[in-house]
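Data first, discussion second: the structure below is written as structure tokens.
Number of protein chains: 2
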Amino acid sequence: MPPEPLICTVDLVLLTLQAGQLQVLLLKRDREPFAGALALPGGYVHTGEDQSCEDAALRVLQDKAGLQGLYLEQLATFSGPGRDPRGWSVSVAYLAVVDAGTLDAQGAPVRAAHWRPVDRLPALPFDHGRIIATAVERVRGKSLYSSLPAHLCPAPFTLPELQAVYEAVLGETVNHVSFRRKMGELDCLDAVPGGKRADGAHRPAQLYRLKQEFRQRLRLVGRGLKA
Amino acid sequence: MPPEPLICTVDLVLLTLQAGQLQVLLLKRDREPFAGALALPGGYVHTGEDQSCEDAALRVLQDKAGLQGLYLEQLATFSGPGRDPRGWSVSVAYLAVVDAGTLDAQGAPVRAAHWRPVDRLPALPFDHGRIIATAVERVRGKSLYSSLPAHLCPAPFTLPELQAVYEAVLGETVNHVSFRRKMGELDCLDAVPGGKRADGAHRPAQLYRLKQEFRQRLRLVGRGLKA
């Protein structure tokens with residue numbers, strides 16, 4: 001049986017941490033359907049130029065959010081007859097993560113008004129609410145056993161600053177000693193030579209960055225933070 | 001810009017455990033391209049009847065392998081201009097897992113000759129080798145912190161039998177005491193009332209089944225088996 005045509009798009013869930021909360025980038029749609037509504041950045045696959053759906057997602061990130069070089073992973077594919085009024089559609093959704101310092105460094109091309117806390121979203125078109133919920137669950141789950149939260153922490157950072165990021169993502173405090181042991185096991189950080197930050201009454205704390213090899217791929221460990 | 005048409009299929013990686021090895025179901029393709037070649041079961045999305053890509057995967061599992069009611073999860077989406085000679089394509093790949101007992105009970109409609117050990121695959125068309133490798137990595141990774149391997153163990157089973165399944169999937173032995181503690185934490189098993197199996201010189205061992213609520217979704221724990 002010859003295949004029936006269907007719509008194939010990519011959607012991008014770009015998350016950052018601001019004001020201690022996970023926030024997602026939403027842009028005003030410039031065309032129907034739902035023109036004028038806030039929605040996830042996304043777009044059609046351009047078969048003439050994209051080499052993969054991941055390519056399409058990187059293109060959308062660059063063209064619609066002006067960002068590149070971020071941590072990106074495929075989230076899940078959402079499909080069906082009812083998610084898009086234009087017809088049966090398949091959307092390959094991607095998760096990207098960026099820290100507030102990188103947003104500044106890349107010129108904060110997306111204005112502050114475009115970010116929304118993931119726990120207080122407006123009504124969204126298509127199944128974007130469900131896609132965002134899936135992304136948040138992925139980030140929270142991976143925070144238990146990987147270096148993912150480090151991508152949300154402006155570098156260079158102290159270990160207490162990184163711990164605060166893990167706690168903001170997880171929505172709960174983490175045992176201080178467990179955290180340091182976990183970071184030791186992950187071994188995903190480089191100390192900045194001579195880099196220290198004064199921290200109030202405490203002696204200056206060592207500064208760290210993510211190791212180069214873990215900037216595009218995650219470091220995972222077997223024992224989670226909650227073990 | 002109007003979207004260019006592309007091919008959208010689902011592909012199914014159905015894994016079982018036989019002879020202590022993870023094995024994947026491969027079927028002879030009955031049409032071009034690659035007619036006659038062994039490949040993953042798959043098919044086009046039928047927008048007239050499927051409510052989602054998952055629906056399409058379940059339909060393929062039923063129609064091409066004669067199986068239903070198995071544990072199924074979305075694996076990943078593979079895409080690009082070169083994976084299918086018919087043109088730019090997107091394939092939403094699914095992972096399904098079945099134990100040897102269920103295969104027998106459902107009439108083993110797929111003959112033994114169709115299974116291949118995942119570590120000794122023939123040359124495969126499209127990017128099916130890569131899709132299978134992704135599925136095996138997923139199963140091995142999830143075996144460290146979930147109930148997934150229980151779906152590969154004919155029920156009812158003893159704890160030593162279940163431990164042997166985890167070890168066959170992981171490719172290494174697991175500490176006996178750690179395993180029993182992990183099964184306690186997972187709390188995903190029901191003891192069969194009065195059900196025991198004699199085990200050679202040992203006293204008869206208790207028989208178990210997966211709890212009903214974990215037959216379609218996995219039970220996860222924070223601390224992995226290798227911790």
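Chains as they are written, first to last, in UniProt numbering: chain P, 1 to 227; chain V, 1 to 227. Virtual Cβ for every residue (Gly too), placed ideally from N, Cα, C.
- Query: How about V:Val-165: is its Cβ closer than 8 Å to a heavy atom in the ligand GDP?
  - Reply: No copy of the ligand GDP appears in this structure; indeed no ligand is present at all.
- Query: Exposed or buried, what is V:Gln-23 when buried is set at 16 or more other beta-carbons lying within 10 Å of its beta-carbon?
  - Reply: buried
- Since V:Asp-99 sits in a beta bridge, which residues does DSSP pair it with? For V:Asp-99, which the question treats as bridged, DSSP gives no partner whatsoever.
- Mind checking the segment 5–20 of chain V against chain P and listing, in chain order, the residues whose C-beta falls within less than 7 Å of any C-beta there? Pro-5, Leu-6, Ile-7, Cys-8
- Message: Check whether chain P comes within 9 Å of V:Lys-211, counting only Cβ atoms and requiring the distance to be less than that.
- Response: no
- Could you check the C-alpha separation between P:Cys-53 and P:Val-10 for me, to the nearest Å? 7 Å
- Between V:Ala-39, V:Leu-72, V:Leu-26, which lies nearest to V:Arg-215 when the distance is taken from Cα to Cα? V:Leu-72
- Which residues does DSSP pair with P:Ser-178 in a beta bridge? For P:Ser-178, which the question treats as bridged, DSSP gives no partner whatsoever.
- Just mark P:Gln-62 as buried or exposed, buried being the case when its beta carbon has 16 or more other beta carbons within 10 Å. exposed
- Alpha-carbon to alpha-carbon, P:Val-192 and P:Gln-51: 37 Å
- chain P contact residues for residue 232 of chain V, given Cβ-Cβ distances below 8 Å: Outside the shown range of chain V, which is 1 to 227, sits residue 232 of chain V, and nothing can be said about it.
- Query: In terms of alpha-carbon separation, which member of V:Ala-39, V:Leu-40, V:Asp-55 lies closest to V:His-46?
  - Reply: V:Asp-55
- Message: Using a 10 Å radius around the Cβ and a threshold of 16 neighbouring Cβ atoms, would you call P:His-202 buried or exposed?
- Response: exposed
- Task: Mark residue 230 of chain P as exposed unless 16 or more other C-beta atoms lie within 10 angstroms of its C-beta, in which case mark it buried.
- Result: With chain P covering only 1 through 227, there is no way to say anything about residue 230 of chain P.
- Task: Note down, in chain order, every chain V residue with its Cβ under 8 Å from the Cβ of P:Tyr-166.
- Result: Here the premise fails: no neighbours, minimum Cβ distance about 14 Å.
- Query: Would you say V:Pro-156 and V:Gly-195 are within 9 Å of each other, going by their C-beta atoms?
  - Reply: yes
- Query: Is it right to say P:Val-177 is buried, meaning 16 or more other beta carbons lie within 10 angstroms of its own, or is it exposed?
  - Reply: exposed
- Message: If I follow the unbroken alpha helix (DSSP H) through V:Tyr-166, where does it start and stop?
- Response: 159–170
- Specify the secondary structure class of P:Ala-35 as computed by DSSP and reduced to three states. coil
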